[in-house]
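Below: one structure, written as structure tokens.
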């Protein structure tokens, strides 16, 4: 069945990607406990997605405590989970059609902060429909988070999802805004509220393990050329440095970045160093609201 301008094949692929994500997420989140490494969870989830016949829309993100996004383990990372707040963000694609979702696993005793992000996502899903302004969705998110006594992350937003592109327009704000756009039937969007007990803004950290090809060109360095050949397998989607075969890829990545062939995604952190919780779903806007393609990972689903 087609939805708006999405034909039936596209809709089926979005649904399949969502189903694979849900199964992977529910298994991977159960692995998150003190003593298990970040790399074990990331590689388990990524391998499960590949074994299901799907592709990775981006590297598995494992963001701990004040980290909000773009955190994925390095090749030799032996960091273990502890008494922390852990946001697990997974992206799956089937023939380029993407599902993107996130959950928070908490070992800090801040259950109410986790609930704030969950409440906000539930309110946002309930607000989505054709003709609804994205600012209205943002207001629902803001009210839910502040109702729990927390602050939304103001400079992170939800986003549109298109084939082979996990982050397109429209932006879905995490607060009420004056300038916004109307949602239309067939829009595919990922809504991701973030709640914090900090000031509600993120900045870039020093760590960078996720990259994306953004241009073409030629380089003289042999290792950089080898990495460029490997990039073809990623379909212009974000990739992790640890996915590259070369054990000396760090210098090659710097060369490609300086040549504007790739860009890096530094880890984003809460400006005050405070905890962050996250909840995310992907959905298709329908005539009577929306169809959540990643339903089955949050308590309200």
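Residue numbers (full-length UniProt numbering): 1 to 301. Cβ coordinates follow ideal geometry from the N, Cα and C atoms, glycine included. All of these numbers come straight from a predicted model, not from anything done at the bench.
Return the residue from the list the options that minimises the CA-CA distance to residue i.
| i | options | result |
| --- | --- | --- |
| residue 85 | 14, 197 and 132 | 197 |
| residue 70 | 171, 48 and 88 | 88 |
| residue 57 | 127, 201 and 167 | 167 |
| residue 272 | 106, 59 and 65 | 65 |
| residue 225 | 259, 287 and 209 | 259 |
| residue 203 | 241, 180, 156 and 191 | 156 |
| residue 117 | 274, 192 and 40 | 192 |
| residue 235 | 143, 78, 95 and 263 | 95 |
| residue 50 | 61, 30, 21 and 31 | 21 |
| residue 270 | 17, 31, 30 and 63 | 63 |
| residue 266 | 13, 109, 212 and 6 | 212 |
| residue 108 | 126, 128, 82 and 115 | 82 |
| residue 61 | 90, 165 and 79 | 90 |
| residue 129 | 292, 103 and 33 | 292 |
| residue 274 | 299, 242 and 68 | 68 |
| residue 215 | 205, 264 and 178 | 264 |
Which word fits residue i, buried or exposed, when buried means at least 16 other C-beta atoms lie within 10 angstroms of its C-beta?
| i | result |
| --- | --- |
| residue 36 | exposed |
| residue 147 | exposed |
| residue 26 | exposed |
| residue 239 | buried |
| residue 313 | This structure gives no information on residue 313, because the portion of the chain shown stretches from 1 to 301. |
| residue 180 | buried |
| residue 5 | exposed |
Check whether the Cβ atoms of residue i and residue j lie closer than 8 Å to each other.
| i | j | result |
| --- | --- | --- |
| residue 134 | residue 170 | yes |
| residue 59 | residue 210 | yes |
| residue 200 | residue 261 | no |
| residue 28 | residue 44 | yes |
| residue 54 | residue 11 | no |
| residue 153 | residue 174 | yes |
| residue 80 | residue 131 | no |
| residue 48 | residue 24 | yes |
Using three-state DSSP, classify residue i as helix, strand or coil.
| i | result |
| --- | --- |
| residue 274 | coil |
| residue 110 | coil |
| residue 229 | helix |
| residue 289 | strand |
| residue 214 | coil |
| residue 88 | strand |
Comparing the CB of residue i with every heavy atom of the ligand FAD, is any distance shorter than 7 Å?
| i | result |
| --- | --- |
| residue 114 | You won't find the ligand FAD in this model; it holds no ligand whatsoever. |
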